[in-house]
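Structure, as structure tokens:
Residue numbers (our numbering): 67 to 348.
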């Protein structure tokens, strides 16, 4: 009986959040670093299905980094990164597209196994209009989003979960690889979304990556920008935090960075009073 009461208490704790976020859009970026782990993927996609059943409207943007890197390694194509962005030549671009399409199909299939409709969006759907990303070093076929097909996403969102592959085309029909964090930020900012959630393989933003007790639960935009300048936030975390900052500046109320390896991390972050990761606020 006591165990049953505890479960009821958990549901009641979630009730105010379910009411608050009913019919709201949440953009969830699912990092490639944890996409390949079946146990983690099962937990993440169960959480996303749960959100949909409670009346929240999630949009999933996925990456594919490690899967792509592993495939490139087998093909003896080297991987280079500049400030968290994959340098993408024509050979790399072909592999990126193939791997991202495979992951997109897998995610859609596994979401639908929970009785929820999902619709994958790939490059050929021309959902994302991009331009070549400007950088001090030429990144090759790496782009940044300049616009998106709002109507198509909103139509799908009314009855299903959109699953977005981070590739797009430019006005001259050139294909570009896009950082998934930036895709998530752009969609969250201009739909707009109530929240943006970055799922990763670390607890959140930490002052010392080797000390779990140094996790920072809440950061303001100003504090986050300072930590980037001080290089406390570095490497692959930089695009995530920058995307979170830009989303907040564009009106998204909160951004969250959480460890997807924690079972049901999304539900714990959104529906409990304490949360588990780092939230970034204005």
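For every residue, glycine included, the Cβ atom is placed at its ideal position computed from N, Cα and C.
1. Which residue marks the beginning of the beta strand (DSSP E) containing residue 184, and which one marks its end?
2. Report back the beta-carbon spacing between residue 425 and residue 95 to the nearest angstrom; my notes put them in contact at under 8 angstroms.
3. Between the C-alpha atoms of residue 76 and residue 191, what's the straight-line distance to the nearest angstrom?
4. Can you round the beta-carbon distance between residue 258 and residue 318 to whole angstroms, since I take them to be within the 8 angstroms contact cut?
5. To the nearest angstrom, how far is it from the Cα of residue 154 to the Cα of residue 301?
6. Using the C-alpha atoms, what's the distance from residue 195 back to residue 272?
7. Quick check: the Cα distance between residue 199 and residue 144, rounded to an integer number of angstroms?
8. Can you tell me whether residue 169 is buried or exposed? The criterion is at least 16 other CB atoms within 10 Å of its CB, across all chains shown.
9. Which residues mark the beginning and the end of the alpha helix (DSSP H) in which residue 167 is found?
10. Output needed for residue 161: all residues of its chain with C-beta closer than 8 angstroms, excluding positions within five of it in sequence on either side, in chain order.
11. Which class does residue 110 belong to by DSSP, given the choice of helix, strand or coil?
12. Could you check where the beta strand (DSSP E) with residue 332 kicks off and where it finishes?
13. For the beta strand (DSSP E) holding residue 197, just list the boundary residues, first then last.
14. Between the C-alpha atoms of residue 188 and residue 337, what's the straight-line distance to the nearest angstrom?
15. Quick test of the definition: if touching needs 3 or more C-beta pairs under 8 angstroms, does the segment 247 to 263 touch the segment 306 to 313?
16. Going by beta-carbon coordinates alone, are residue 243 and residue 99 separated by less than 9 angstroms?
17. Would you say the segment 283 to 297 touches the segment 229 to 242, given that touching needs at least three Cβ pairs under 8 angstroms?
18. Tell me the DSSP secondary structure of residue 127 in three-state form.
19. Look at the alpha carbon of residue 251 and the alpha carbon of residue 264, and state the distance between them as a whole number of angstroms.
20. Does the count of Cβ pairs from the segment 205 to 223 and the segment 165 to 179 closer than 8 angstroms reach three?
21. Measure from the alpha carbon of residue 82 to the alpha carbon of each residue in 102, 120, 330, then state which is nearest.
22. For residue 330, tell me which candidate among 72, 181, 342 has the shortest Cα-Cα distance.
23. What does residue 346 pair with, by DSSP beta-bridge criteria?
24. Under three-state DSSP, which class holds residue 274?
25. What is the DSSP secondary structure of residue 75, counted as helix, strand or coil?
26. Any idea if residue 147 is buried or exposed, counting beta-carbon neighbours within 10 angstroms, 16 or more meaning buried?
27. How many angstroms separate the CA atom of residue 85 from the CA atom of residue 104?
28. What residues match up with residue 228 in a beta bridge as DSSP calls it?
29. Would you kindly work out how many angstroms separate the C-alpha atoms of residue 277 and residue 288, rounded to a whole number?
30. Specify the secondary structure class of residue 103 as computed by DSSP and reduced to three states.
Taking the geometry as given:
1. 184 to 187
2. There is simply no residue 425 to check, as the chain begins at 67 and stops at 348 in what is shown.
3. 41 angstroms
4. Rounded to the nearest angstrom, the Cβ distance from residue 258 to residue 318 is 6 angstroms, consistent with a contact under 8 angstroms.
5. 18 angstroms
6. 34 angstroms
7. Those two C-alpha atoms are separated by around 21 angstroms.
8. buried
9. 156 to 178
10. 134, 137, 138, 141, 143
11. helix
12. No beta strand (DSSP E) holds residue 332; the alpha helix (DSSP H) holding it covers 331 to 337.
13. 194 to 198
14. 31 angstroms
15. yes
16. no
17. no
18. Strand, per DSSP.
19. 10 angstroms
20. no
21. 120
22. 342
23. 285, 321
24. Correct three-state label for residue 274: coil.
25. helix
26. exposed
27. Going by the C-alpha atoms only, they are around 31 angstroms apart.
28. 185
29. The alpha-carbon separation between residue 277 and residue 288 amounts to approximately 23 angstroms.
30. coil
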